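Below you'll find the structure, written out as structure tokens, and then a few comments.
Number of protein chains: 2
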Amino acid sequence: MTSAQTPRPGDGKTLHLNAFLMSVGHHEAAWRLPESDPHAHIDIDHYVRLAQTAERGKFDSIFFADSPVLMGDPGRRPGGKLEPTVILTAVAVQTDRIGLIATASTSYNDPYNLARRFASVDFVSKGRVGWNIVTTAGADAARNFGLDDTPDHRLRYEKAAEFVEVATKLWDSWEDDAIVADKALGVHADANKVRKIGHRGEFFSVDGPLNLPRSPQAYPVLVQAGSSENGKNFAARYAEAVFTAQQTLADGTSFYRDLKERARLLGRDPDTLKILPGIVPVIGDTEVEARELDAELERLISPEYARKQLADRFGLPVEALELDRELPEELPSEDDIQGAKSRYTLIVNLARTERLTVRQLIARLGGGRGHRTFAGTAEQVADTIEEWFRAGAADGFNVMPAVLPSGLDRFVDRVVPILQERGLFRTEYTETTLRGHYGLARPENRFAAETPLAVAQ
Amino acid sequence: MTSAQTPRPGDGKTLHLNAFLMSVGHHEAAWRLPESDPHAHIDIDHYVRLAQTAERGKFDSIFFADSPVLMGDPGRRPGGKLEPTVILTAVAVQTDRIGLIATASTSYNDPYNLARRFASVDFVSKGRVGWNIVTTAGADAARNFGLDDTPDHRLRYEKAAEFVEVATKLWDSWEDDAIVADKALGVHADANKVRKIGHRGEFFSVDGPLNLPRSPQAYPVLVQAGSSENGKNFAARYAEAVFTAQQTLADGTSFYRDLKERARLLGRDPDTLKILPGIVPVIGDTEVEARELDAELERLISPEYARKQLADRFGLPVEALELDRELPEELPSEDDIQGAKSRYTLIVNLARTERLTVRQLIARLGGGRGHRTFAGTAEQVADTIEEWFRAGAADGFNVMPAVLPSGLDRFVDRVVPILQERGLFRTEYTETTLRGHYGLARPENRFAAETPLAVAQ
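In order, the protein sequences belong to chains A and B. Residue 813 in the numbering used here sits at position 428 of the first sequence, with consecutive numbering throughout. Residue 609 in the numbering used here sits at position 224 of the second sequence, with consecutive numbering throughout.
Below, the structure written as structure tokens:
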């Protein structure tokens, strides 16, 4: 479809684009392509070039996922990567406008250190940082932090909520105009505008103030990507942008309405919460060429390795899955899954609805890992983006190139110009901060009106 | 003195220089000078320029101290600063050779996260990172991390030792040649060369492996700066470079011999432990001009604020110190001081030996905070550096300019050429890594000879 004449959802607004950058691409087997640098995941210049490409395409932001654990089998795919806030910092000083989002865990960080690090990157980037708040599933991660197993899903979200409270209090512990820098009087800050936060909660006790003045954006843009019940309620309360995996337009629209309504019920303007479904675009000059690229990637997946990964996700022995049969009829319920609950259900539903064999399911997941893969021409990719945007399923998209850098290059060079021509996407940056790009307000300081509770002696 | 003809300690070797960069300078009142930018502490470009100046001067490294707490009174001096590993990353991509050292606390970090972050900066800098290991004193810091008070000094050091064990195990969890990147076979790493560490200790349980391959230097250069008994024993075992405060040549020589001997008794080659006393050089065209600059800085110190800071350090009420009298006869013993023990004793000894009034002591500390301030011409600064180096009190110096950037500019432009002319300091970098600059070996991998204990499934 092309641009419509009658007003619909999305009219009068433009969409937002985030580039999800997974070293050599979102596809499990991308590193095996002739074009891929198998050392790219530890090469900062690779990430900087990707960020510069996204900036050339006027993307709102780039995003690095993360977990404090070695994910998957390093024998089978690039293992580990540079720590995301380190990547963002290196990118920040080599770009001007692009927003910079990184995942960091509320289960395996201290709020004081995390608040300080993100505020530091906000200063370095002059207001371009975002924080994807995750609770981190998995016993493997837990065992890197003195625990035997991952804490309960609900408990992790309760801790995450308190973590965000502490972090935002710390970001409010300095008023914006606290620094007066009066050399003659020898007064650097107005000490009445620098406060201890005195937080005493269930999970954290933190005195403050932060050892850093209030940063350009005050808070990083708060991002969230869990779509379980706990995840959606958390997002409705705290998130300003949500990354989500949605396979169909119907599911996308339903999720969009649900989350916006949850935000409204909590007294928020739903427009202060931007929803970005993932799309894994595989772009060819023709549809046939795109499908061939997709098929080439499929062939590079090791089915035995992928079968093991899938069985682990389901909490089943590997023998329970047969490559050329459908999923077993008896599967755990979402309640029994401790991590990535909604992704689990999405995968099961996808397999059941399309009656996929395990081998077929693996192929679908290898490309998208639950996100929607779309193979086609640039025009077709632009069409589906426009369709979802106008149908009220998305405020924008989390673009997850299957192969990097080529997949991002193609998107920027071929899809972005079409979206711009249709008036759906910016042709130049009009703002300088990530909050600006997403049309989000700079947070007020909760303490600014209070009686001083100064730290000064 | 000038260069000697007869062999002595230091002959045949050249010295090492580290630049200790405290925003606008090491002096408490530096920000009040007309030349100082009072916002420099939150301006990344300021730090990058300083690093580039140090690199122009062929320094081995730059160093950023840190504590996860707002130090001092933000009303009286610039409060807080950018997180040091963020600063190092921004500097790394805008310099080529200079080493990059940051403080991070073993009491208020998780080993997994810290090991990953420093390894990431080592990749980004291509082998130039160093870690100053601190245990972090002070109840204020403890109260940002859920504790009521700082843990006992000895306990902090025991935890620090185990922390370093865990971190170095994680840095060994990948062998250097683990990545094979065989695209045809679909084998990214030799999974036998990626190991869980399975650490179970008194303070930490960490499974590993690290989510990052072994970095260019394998380990950051391990730096330490505590000079208490616990601190010296820790340094003798783990440190590769030591920053220390020494007021007199006799004290410096004695400390140097003591620490090298402790290292030798632990079976180490003492030359693998570099000792760098601090020096706060105040450089003038003439000695008189240098002393005037020093006096100008003294005048800008607020005596009442400094008196309070000193009383806090001594654990005394402020009334116990009178500005124009010497220190009280009765003072706590070092055993009763929970943080910065050796610095406490140094300050007391300095005041007693020179019979300083509190006001005079404050002036001395405001410039050096316990480190040795030396005001003179560039030639005189070079002389004292050479004297200490040849006398066996130093392998190099921790240069702590009182005012930045001017103090570093002067040192680089005036003192470094003299040291180079005397054959005491490099005229060009000959190495590319921080280990290379300091003449330190790249650590062997403790697991490389072991039977595989692979993580791969």
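All C-beta atoms, glycine included, are put in the ideal place defined by N, C-alpha and C. It should be emphasised that the depicted structure is a prediction, and the values quoted were computed from it without experimental measurement.
Exercise for review: Tell me, please, whether the CB atom of T387/B is closer than 8 angstroms to any CB atom in chain A?
Suggested key: Annotation note: pLDDT 41 at T387/B (below 50); position unreliable, coordinate value reported separately. Cβ-Cβ to chain A under 8 angstroms: no for T387/B.
Check your understanding: What span of residues does the alpha helix (DSSP H) with Q805/A cover, start to end?
Key -> 801-806
Practice item. Give the DSSP-derived three-state secondary structure of I582/A in the structure shown. Key: coil
Check your understanding: Does K568/B come within less than 8 angstroms of chain A when only Cβ atoms are used?
Key -> Output row for K568/B: interface = yes.
Exercise for review: Less than 8 angstroms between the CB atoms is what I'm expecting for E468/B and S505/A, so what's the real figure, rounded?
Suggested key: 4 angstroms
Check your understanding: Would you say the region 663-682 of chain A touches the region 753-771 of chain A, given that touching needs at least three Cβ pairs under 8 angstroms?
Key -> By the Cβ rule, the region 663-682 of chain A counts as touching the region 753-771 of chain A, because three or more pairs are nearer than 8 angstroms.
**Study point:** When L650/B, N618/B, F530/B, D507/B are compared against A603/B, the one with the closest alpha-carbon
**Key:** When only C-alpha atoms are compared, the closest one is D507/B.
Check your understanding: Given that E468/B touches chain A, what residues does it touch there, using C-beta distances under 7 angstroms?
Key -> R501, R502, S505
Exercise for review: For chain A, find out if any of its Cβ atoms is closer than 8 angstroms to the Cβ of D680/B; answer yes or no.
Suggested key: In the sequence as presented, Asp is not what sits at residue 680/B; that position holds Ala. So no, A680/B is outside the interface.
**Study point:** Contact set between F508/A and chain B, taken where Cβ atoms lie within less than 9 angstroms
**Key:** I427, D428, I429, L467, V471
Check your understanding: How is the alpha helix (DSSP H) around A691/B delimited, first residue to last?
Key -> Judged by DSSP secondary structure, A691/B falls within the alpha helix (DSSP H) whose first and last residues are 688-699.
Review point. When we look at the beta-carbon of T815/A and count the other beta-carbons within 10 Å, is it buried (16 or more) or exposed?
Key: exposed
Practice item. Inspect the CB distances between the region 560-572 of chain B and the region 583-599 of chain B and report whether three or more fall short of 8 angstroms. Key: yes
**Study point:** DSSP-derived helix/strand/coil call for A526/B
**Key:** helix
Check your understanding: CA-CA distance, R434/B and G464/B?
Key -> Taking the straight line joining both Cα atoms gives about 21 angstroms.
Exercise for review: Can you grab the Cα-Cα spacing for the pair R653/A / Y623/A, in whole Å?
Suggested key: Between the alpha carbons of R653/A and Y623/A lies a gap of roughly 10 angstroms.
Review point. Would Q479/A count as contacting chain B if we go by Cβ distances under 8 angstroms?
Key: yes
Review point. The alpha helix (DSSP H) with V478/A in it runs from where to where?
Key: Premise fails: V478/A is in no alpha helix (DSSP H) and is neither H nor E.
Point to revise | Distance between R692/A and E704/A (C-alpha atoms, nearest Å) | key: 9 angstroms
Point to revise | Chain-ordered residues of the region 403-423 of chain A with a beta carbon less than 7 angstroms from chain B | key: W416, R417, P423
Exercise for review: Return the residues of the region 587-602 of chain A that lie within a Cβ-Cβ distance of less than 9 angstroms from chain B, sorted by chain order.
Suggested key: Per Cβ criterion, the list reads F588, F589, S590, V591, D592, G593, P594, L595, N596, L597, P598, S600.
Check your understanding: Whose C-beta lies closer than 6 angstroms to the C-beta of R676/A among residues of the same chain, with five residues either side of it excluded?
Key -> A760
Practice item. Compare the C-beta of G700/A against all C-beta atoms of chain B and say whether one is closer than 8 angstroms. Key: So, not an interface residue.
Check your understanding: How big is the Cα-Cα spacing for Q390/B and I429/B?
Key -> In this prediction, Q390/B scores a pLDDT of 42, lower than 50, which makes its location untrustworthy; the coordinate-derived value is nonetheless stated afterwards. Cα-Cα distance, rounded: 45 angstroms.
Review point. Using 8 angstroms as the Cβ pair cut-off and three pairs as the minimum, do the region 451-459 of chain B and the region 416-424 of chain B touch?
Key: no
Check your understanding: If you follow the beta strand (DSSP E) that Q437/B is part of, which residue opens it and which one closes it?
Key -> Looking at the DSSP string, Q437/B is not in any beta strand (DSSP E); the run it does join, the alpha helix (DSSP H), is 429-441.
Review point. Which bits of chain B does T474/A rub up against, with CB to CB less than 7 angstroms?
Key: V471, T474, A475
**Study point:** Segment contact flag, the region 685-701 of chain A with the region 733-749 of chain A, C-beta cutoff 8 angstroms, min 3 pairs
**Key:** yes
Practice item. Determine which residues share a DSSP beta bridge with S590/A and list them. Key: R585/A
Review point. In terms of residues, what are the limits of the alpha helix (DSSP H) holding T553/B?
Key: 538-556
Exercise for review: Pick helix, strand or coil for A833/A, following the three-state DSSP scheme.
Suggested key: coil
Exercise for review: Would you verify that the beta carbon of A833/B is, or is not, closer than 8 angstroms to some beta carbon of chain A?
Suggested key: no
Exercise for review: Sort out for me which residues DSSP pairs Q609/B with in a bridge.
Suggested key: According to DSSP, Q609/B bridges with I518/B, V627/B.
**Study point:** Below-8 angstroms beta-carbon distance, L455/B vs any chain A residue
**Key:** yes
Check your understanding: Where does the unbroken beta strand (DSSP E) through K659/B begin, and where does it stop?
Key -> 659-668
Review point. Cβ atoms of V667/B and D656/B: under 8 angstroms apart, would you say?
Key: no
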